[in-house]
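All remarks here apply to the structure that follows.
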Amino acid sequence: MSSGESPSPRAPKRRRVTVSCLACNKRKVRCDRTLPCYNCRTRNESDKCEYIDGNPHNRAPPAWIDIPPSVEVESLKDRMKELEGHIGELVNLVKTNPPTAPSVFPNPPTLSYTNLSGPSRPADSTPSSGTPRSTTLDKTFLALDDLSRGSTSSRPNGPSFNPTTDAPFHNNLWPNIFVGVDGAVRPPHSEQMIYDIVSSIPKDDMLSVLIDHHHDHDGAYWHFVQRDVLEMEIQQFTSVRSSADILLIDPAWLALLIAISRASLHSLLSDDQLDANILASDDVLLRPMEGHLETAFDLALHCARALHEPQFRILQALLVFVSQQQFGWMIGSQKRTGLLWRELAISICKQLRLHLITDETPDQELPSDLAFPPNSPLFVREWSSRLTHNLVFVDQVMEAIETDRRGGDTVRPMYTFGDLVTTPRPRNFRDQDLWNPRSKYTHQEPHPSFVLTETIWQIHGFRVAHFWTAISQSVRDPATLTPEVVQAIDSEVRQGDFELLSLRSGHQLKEVEDVLLESFHGSYQQRIIRLHRHFFLRSYSDQTYAFSQAAALAAARTIIKGHKEVQEKHRTYKIGYLALVFFSHHVSAAILLFIHGCFMADERVRIRAELESSLDLFAKAKPPGPSDTQHFWLLSVARGRLFIRAMSEALFHDPPGDLPAIEKFMIDLNDRGVEANDLEFASDDPNNVIQFTLPSFFGVLDDPNLVYPSLPNAAMQNPAQLDWDNMFKGF
C-alpha cells in the first residue's frame, strides 16, 4: 500500500453463536443443547440450566421417559430368547404329553448311601420327563407377565426351579417350611436326595399316627415342638408332596419330621403297641421303614448343611432323635451316633447363642431363624431356654453319675456345657401363650406351678437334676454338710415335690402324665434319701440324727408305694426309660429298708413282708415287647429280683449285724451273677448276661458292655460312708 492511500476499514470478526447452556459453557464441557441438558440433569441442577436466548437448540425428552442402559436392553433380549424357549416347550408338551401326569412318588424305596433309589427329579431340559403340564404353563405365562412389566431380574446359570402358583409360597407366611422361593438353586445331587428323603416318609395316614403318638407319649415329657405349629407345617408339606415343589422344602424341617417319625415308630415297635391305628397289612413294612427313616435323617442333615449352618430346626431334630426315651438304645448302640448328635446339638446352640440370652438381652439382639415367628421375642426366649436347658439337664445327670462313681476324695471338677449357660430356666408358659395362630395376644406372665402346661414336666426334670448334682457335691464335703444345711435342702426338695403333687389334685391327668408325675415324685424322694443317707447311718448310734432316719425311711416307703400304685393302675409302660427309673428307685429304697432291718430286730418282720411284696411286683413285671430295649428291661427285673430275694432271706436267717458286715454283704451280692431262672429270654451270649452287674446297668447312659468294679477297699477304709451310689447311681 502506498503512503498516499487511505487505510481500508477492517472487516469485523464473525461472532460465534453460543448454543450451549450457560452452565456447560462456564465449565467448558460439551452440551447436548437440550432443556435441561444431560449434564445438568446428571448433576441434579436442572433448574440452573439456562440459555442466552432462552431457546435451546434441541428439546429434552419428557421426564417420564427413562432411557434404559445397554445392559438392560441386552437382558431383555436374553429374556426374549428364554421366552421363545418356553413357548417351544409348551408346543412340544401339547403335542407329546398325555392329559394326566404320573404320580411323582411310588412306594417308599430302599435307601442306601451307595445306591440311592427312588423317583428321580424332573429333568430341566424338557418338560416331558415328568414336569406337570400346569408347571410349564405357569412358567410361560409368568415369563410373559415379567416381560410385559419390563422385568429384567437376572437368573442364575444352571438348573432353576419355579414353584407352582397353587403352593403356599409367601415370604410373610409363618410357619413356613419353604426356602429358595426367589430362585435359589440346589446342586443336582441334592435335588435327588430331596426326592429320596421325601419318598422315605410314611404315607399321610401312618404319618398322622406317628405324629399323634409323639405328642401324646414321647413328646409329653421331652417337649421340643409346638403341636399346632407342626400341624400347620405338615399341611404345607402335604399340599406339595406329590409335586416338584418339594424341592423348595427346607431340608432342616424334613430332618425334624423324620426324627419325630423315627422316634415314634421305634417307641411303637419297642412297646408292642401296633394296635388298630396301624393296619396289619403294613406291619411287614414297619421295621424296614425304621431303617429307611434313619438313613433319610442322615441325608436330610447333609442337604441342610447341618455341620456348616446352625439352624434351630436341626437342633430340634437332634434332640428328638436322641431324646431321653431313646438314650438306652441310642448311647448303647454300636454306632455311637447318639454322642455325635448331642455334641452337634451343643455346637448349634453355641453358634446361635441360645445359651447367652438373659433378661437384659434386647429383643433386637435375639437370634433369628426360620423356625422363629417374626416379632415374637417371648417365643424366641422361651423355646431357646427349653432346648438349651435340656442339654444342661443331660450334662447334670452325667456329672452326678460320674461324681457318685468316683466317690470320696477322687472327685475332680468336671467341665460341662452348663458352665457356659447364662440363659435362665424355662418358665411355666403354655405353647399358645408364646404363639397362637388364632390370636395376636401373647401371655406375658408365666402360670403358677400348679397349672399343667406342656413344659411343666421338663421344669420338674430340670429341678430334680439340679438337686441331684447339688446334693451329690454336698455329701462329698462332710465339713459343710451340717444337720441345719441338710434340713434346709430337705425343705427345698419337699417344696418341689409338693408343687408336683398339686398337679394331680388340680387336673385330670392322662395315663402318660400320671406315670410321669409318679416318676418325678419318686425322683424327689430319691433325692431325700441321698441327702439323708450319711446321717441315716449315724442315727443308729447317735439320736441327734433321728430326723434323717425318719426322713429317709419315709422316702423309701413312698417310692415303693408309688411304684406299686403305678403298676396296678397301668399294666404296661409306654415309656420304657421311665420304667427303668421306677425299678432303680425301688431297688435303692429296698436296700435302705434292709439296712434298717439289720439294725432294728423288732422291725425285721415288717420289713421282710415289705420286701416280699416288692419281690412279687418284680416277679409280675413283664417286658414291653420284643425289641432292643428288652435286654435292659429284663436285666433290671432280674437283678432286682436277685437283690430283693437275697435281702429278704438274709433278714429271715442271719442278717449282718454291723456296718462293715452289711457292706461286705452288699458287695458280695453285687458280684453275683443273675440266676438262670430269673432270665426270661434266650441270650446269644449267656456268660455276658450272667456277668452283667448292676453298676453297668443302672448307669443307663453308659456302655452296657463296660463293668465298673466295686471299690471295697475305699469303702471299708471309711465304713461310716457306706455309699451304694457306686452300684445304683442314685437316680
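Following UniProt numbering, the numbering of the sequence shown begins with 1 at its first residue and continues without gaps.
The beta carbon of each residue, even a glycine, is placed where N, CA and C say it ideally should be.
These numbers come from a predicted model, not from an experiment.
Reduced DSSP secondary structure (H/G/I, E/B, other) of residue i
i: phenylalanine 547; result: helix
i: phenylalanine 379; result: helix
i: alanine 449; result: As written in the sequence, residue 449 is serine, which differs from the alanine given in the question. Coil, per DSSP.
i: serine 439; result: strand
i: isoleucine 249; result: strand
i: phenylalanine 462; result: helix
i: phenylalanine 178; result: strand
i: cysteine 303; result: helix
i: aspartate 514; result: helix
i: isoleucine 52; result: coil
i: threonine 42; result: helix
i: tryptophan 468; result: helix
i: glycine 418; result: helix
i: histidine 653; result: coil
i: glutamate 74; result: helix
i: tyrosine 195; result: helix
i: serine 242; result: coil
i: valine 392; result: helix
i: arginine 639; result: helix
Euclidean distance between Cα positions of residue i and residue j
i: valine 511; j: histidine 570; result: It is glutamate, not valine, that sits at residue 511 in the sequence shown. Roughly 8 Å between the two C-alpha positions.
i: aspartate 419; j: cysteine 349; result: 14 Å
i: alanine 554; j: threonine 388; result: 35 Å
i: glutamate 565; j: leucine 247; result: 51 Å
i: alanine 488; j: glutamate 568; result: 35 Å
i: arginine 262; j: valine 637; result: 27 Å
i: phenylalanine 731; j: glutamine 432; result: Residue placement at phenylalanine 731 cannot be trusted, given a pLDDT of 36 that sits under 50; what the coordinates show is reported in the next sentence. Distance between the alpha carbons of phenylalanine 731 and glutamine 432: 33 Å.
i: proline 62; j: arginine 43; result: Residue confidence is low: proline 62 scores 44 on pLDDT, short of 50, so the model does not pin down where it sits. Its coordinate-derived value is still stated next. Straight-line Cα distance between these residues: approximately 18 Å.
i: glycine 640; j: proline 373; result: 49 Å
i: threonine 423; j: proline 362; result: 13 Å
i: serine 547; j: histidine 460; result: Residue identity check: residue 547 is phenylalanine in the sequence provided, not serine. Computed Cα separation, rounded: 26 Å.
i: proline 656; j: glutamine 525; result: 26 Å
i: valine 19; j: leucine 35; result: 12 Å
i: leucine 301; j: leucine 356; result: 25 Å
i: leucine 315; j: phenylalanine 417; result: 15 Å
i: valine 515; j: glutamine 226; result: 22 Å
i: leucine 265; j: leucine 286; result: 8 Å
i: serine 208; j: valine 198; result: 15 Å
i: proline 660; j: isoleucine 595; result: 12 Å
i: leucine 651; j: isoleucine 529; result: 22 Å
i: lysine 561; j: glutamine 508; result: 21 Å
i: glutamate 84; j: lysine 28; result: 49 Å
i: alanine 682; j: leucine 269; result: The predicted position of alanine 682 is uncertain, since its pLDDT is 37 and thus under 50; a value taken from the coordinates is nonetheless stated next. Near 20 Å, if we compare the C-alpha coordinates of leucine 269 and alanine 682.
i: leucine 30; j: glutamate 74; result: Looking at the sequence shown, residue 30 is not leucine but arginine. The straight-line gap from Cα to Cα measures roughly 28 Å.
Proximity winner among the options, relative to residue i (alpha-carbon distances)
i: isoleucine 667; options: Met647, Leu651, His653 and Asp228; result: Met647
i: arginine 557; options: Leu356, Glu365, Glu513 and Ile591; result: Ile591
i: proline 367; options: Leu352, Ser376, Val240 and Ala345; result: Leu352
i: alanine 601; options: Arg527, Leu356 and Tyr540; result: Tyr540
i: phenylalanine 520; options: Leu669, Trp468, Gln316 and Met206; result: Trp468
i: glycine 496; options: Gly562, Asp477 and Arg463; result: Arg463
i: arginine 342; options: Cys21, His213 and Asp395; result: Asp395
i: serine 491; options: Met289, Ala551 and Asp359; result: Ala551
i: alanine 377; options: Glu612, Asn390, Asp359 and Leu173; result: Here residue 377 turns out to be proline, not alanine, going by the sequence shown. Checked all of Glu612, Asn390, Asp359 and Leu173; the closest Cα to proline 377 is Asp359.
i: serine 502; options: Arg608, Phe224 and Leu452; result: Leu452
Residue environment, residue i, which counts as buried when at least 16 other CB atoms sit within 10 Å
i: glutamate 663; result: buried
i: isoleucine 52; result: exposed
i: glutamate 309; result: exposed
i: phenylalanine 599; result: buried
i: alanine 371; result: buried
i: arginine 235; result: For the sequence presented, residue 235 should be read as glutamine rather than arginine. Exposed, by the Cβ-count rule.
i: proline 288; result: exposed
i: asparagine 390; result: buried
i: arginine 121; result: Note on arginine 121: pLDDT 44, under 50, position unreliable in the model; no value is reported.
i: glutamate 399; result: buried
i: asparagine 688; result: Low confidence applies to asparagine 688: its pLDDT is 39, below 50, so where it sits in the model is not reliable, and the reading given next is rough at best. Asparagine 688 comes out exposed.
i: residue 778; result: Because the chain spans 1 through 731 in this model, residue 778 falls outside it and cannot be assessed.
i: asparagine 705; result: Bear in mind that the predicted position of asparagine 705 carries a pLDDT of just 36, short of 50, making it too unreliable to give a figure here.
Integer-rounded CB distance, given that residue j should sit under 8 Å from residue i
i: glutamate 513; j: alanine 220; result: 7 Å
i: leucine 318; j: isoleucine 260; result: About 12 Å; that fails the 8 Å criterion.
i: arginine 427; j: glutamate 499; result: 14 Å between Cβ atoms; not a contact.
heavy atom of the ligand MG below 7 Å from residue i C-beta
i: alanine 296; result: This structure does not include the ligand MG; it has no bound ligands of any sort.
Proximity test, Cβ basis, 8 Å: residue i and chain C
i: valine 486; result: This model lacks chain C altogether; it includes just one protein chain.
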